[in-house]
Amino acid sequence: MTRPPAILRFAPSPNGRLHLGHAFSALLNVRFAEHLGGVCRLRIEDIDPVRSKPHLTEAILADLTWLGLDYPRPIRHQSRHMDEYRSALARLVALGLAYPCFCSRADIRSRATAFDPDGAPLYPGTCRHRDPREAAARRERGDPHTWRLSMAHALPRAREERALGYIAFGDEGESWVPVDPAPWGDAVIARRDVPTSYHLSVVHDDAVEGVTHVVRGADLEAATAIHVLLQRLLGLPTPRYHHHRLIQDADGRKLAKSRGSTSLAELRAAGIGAAEIRLWCREV
Ligand code: GLU
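See below:
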């Protein structure tokens, strides 16, 4: 059986300028794409209506062009595909695998007794057993709500066929990685403001774009457990994954927009050339 051509993707969120960590990830994606004889696509992950800014999308495109990276068109912008995510959510709801949750962050914080793999308060399950008629009435009334995956229902269904896991790939070859999504609890699959979440849109898009190999930072490795679960529930293929190490700042912390790490634009303004950055990212 011949394998389909490799398709990779670099998927930044336009809520800040790109920094060296993004350059490293984008260039590594291209390197793997070349090695596999495939292509790397660009996806703009802009589902967050508040934090995503059109001028930052423009800036990302300009930074990547400056770095010498060119992507096949069209570029997928997640904000233009809300109907698709709404349908994916509706499928999970119809399967009895998702329920509306009316809890505020403060409600959850005050009741949580554990943390999820990201270090956020683990959802204590408050709305899990709510009377469906009451929940429907509240939704009708326009009460803000998220949608949560019912882990208790999702896990047995997903594991019915076979164990959950994915194939990890890298320079040393491939290996099977079993995953356990349970520590995430009833994760949010649709936020209050949009009919999706990072988890739901990323698995949908990877499938729609035919992504065969995902190359992304180690900070998303734990989330892959939820992604594999959603893929199984929605009947989508699971790509191969490579979680790369994170580029750190001088204090040994990972680079982050939120901490104001030096952006590629600032490096460029300081006279550093794209070739230098490409070389640094190869050798770091
Ligand atoms: N949009 C995510 C980010 O900027 C990356 C998602 C992914 O690669 O799965 O962190």
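Residues 45 to 328 in the numbering used here are what the sequence shown spells out, letter by letter.
A virtual CB, placed ideally from N, CA and C, is assigned to each residue, including glycine.
Everything numeric in this text was worked out from a predicted model, so none of it was measured.
{"Check": "Threonine 240 vs isoleucine 88 beta-carbon contact at 8 Å", "Outcome": "no"}
{"Check": "Nearest-residue set for the ligand GLU, Cβ under 6 Å from any heavy atom", "Outcome": "Ala55, Pro56, Ser57, Glu89, Val246, Arg260, Leu264"}
{"Check": "Length of the line joining the Cα atoms of asparagine 73 and tyrosine 129", "Outcome": "25 Å"}
{"Check": "Span separating the alpha-carbon of aspartate 187 from that of phenylalanine 146", "Outcome": "7 Å"}
{"Check": "C-alpha gap between glycine 229 and alanine 309, whole angstroms", "Outcome": "39 Å"}
{"Check": "Pairwise C-alpha distance: arginine 177 and threonine 268", "Outcome": "34 Å"}
{"Check": "Backbone secondary structure at valine 223 - three-state DSSP", "Outcome": "coil"}
{"Check": "Residue of His288, His189, Gly279, Leu193 minimising C-alpha distance to aspartate 237", "Outcome": "His189"}
{"Check": "Nearest residue (CA-CA) to glycine 163, options Leu264, Ala314, Gly169, Gly315", "Outcome": "Leu264"}
{"Check": "8 Å Cβ cutoff met for serine 96 and glycine 261", "Outcome": "no"}
{"Check": "Same chain, Cβ closer than 6 Å to alanine 179, neighbours up to 5 away in sequence not counted", "Outcome": "Pro144"}
{"Check": "Beta-carbon spacing of arginine 155, threonine 170 below 8 Å", "Outcome": "yes"}
{"Check": "Reference leucine 244; option with closest CA among Leu136, Val94, Thr256", "Outcome": "Leu136"}
{"Check": "Cβ-Cβ separation, proline 227 to proline 161 (assumed contact under 8 Å), whole Å", "Outcome": "5 Å"}
{"Check": "Extent of the continuous beta strand (DSSP E) to which glycine 65 belongs", "Outcome": "No beta strand (DSSP E) contains glycine 65, which is instead part of the alpha helix (DSSP H) from 64 to 80."}
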